[in-house]
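Notes to accompany the following structure.
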Amino acid sequence: GSDILVEALEREGVTDVFAYPGGASMEIHQALTRSKSIRNVLPRHEQGGIFAAEGYARSSGRTGVCIATSGPGATNLVSGLADALLDSVPLVA
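Residues 2 to 94 in this note's numbering are what the sequence shown lists, from first letter to last.
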């Protein structure tokens, strides 16, 4: 499943992902390390990752991608997702 996700991101032209690892997302992170075309940027916190992905989308015109683990990791994305939604910034988390 994780390799399929990474392959889908590659097909969509994603070159940068902001991803903070956690128990539920470790297989995704391992699949990202095998990708030759996607660079994984490791933030210090999930909220930093989502805002970095939003800034990337705003400055590059590309879709920002952020990955976090389940539970508290996912809830740390909410503020950045809401901000991107209100400003129509293309973001996937």
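We put the beta carbon where it would ideally sit given N, CA and C, even for glycine.
Every value quoted in this text rests on a predicted model; they were computed, and no experiment measured them.
**Message:** I need the straight-line Cα distance from Gly14 to Arg40, nearest angstrom please.
**Reply:** Indexing the sequence shown from 1 puts residue 14 at position 13. Indexing the sequence shown from 1 puts residue 40 at position 39. Computed Cα separation, rounded: 12 Å.
**Message:** Going by DSSP in three states, Leu92 sits in which element: helix, strand or coil?
**Reply:** Within the sequence shown, numbered from 1, the residue matching residue 92 stands at position 91. Strand, per DSSP.
**Prompt:** Is Val15 helix, strand or coil when you go by DSSP?
**Reply:** Taking the sequence shown and counting its residues from 1, the one referred to as residue 15 is at position 14. Residue state, collapsed to three classes: coil.
**Asked** Under a Cβ-count criterion, where at least 16 other Cβ atoms within 10 Å of its own Cβ denotes burial, should Glu8 be classed as buried or exposed?
**Response** Mapped onto the sequence shown, residue 8 falls at position 7. That one is exposed.
**Prompt:** Under the DSSP definition of a beta bridge, which residues are partnered with Ala58?
**Reply:** The sequence position of residue 58 within the sequence shown is 57, counting from 1. According to DSSP, which records beta bridges pairwise, Ala58 is partnered with nothing at all.
**Request:** Return the chain-ordered list of same chain residues with a C-beta closer than 8 Å to the C-beta of Thr16, the five sequence neighbours on each side being excluded.
**Result:** As a working mapping, residue 16 is identified with position 15 in the sequence shown. Excluding sequence neighbours, Thr16 sits near Ser38, Ile39, Arg40, Arg63.
**Item:** With 16 other Cβ atoms within 10 Å as the buried cut-off, status of Val66
**Value:** Taking the sequence shown and counting its residues from 1, the one referred to as residue 66 is at position 65. Val66 should be labelled buried.
**Asked** Where does Gly74 sit, in a helix, a strand or coil, going by DSSP?
**Response** One-based indexing of the sequence shown puts residue 74 at position 73. Helix.
**Asked** Where DSSP assigns a beta bridge to Ile5, which residues make up the other side?
**Response** Translated into the one-based positions of the sequence shown, residue 5 becomes position 4. Beta-bridge pairing links Ile5 to no other residue.
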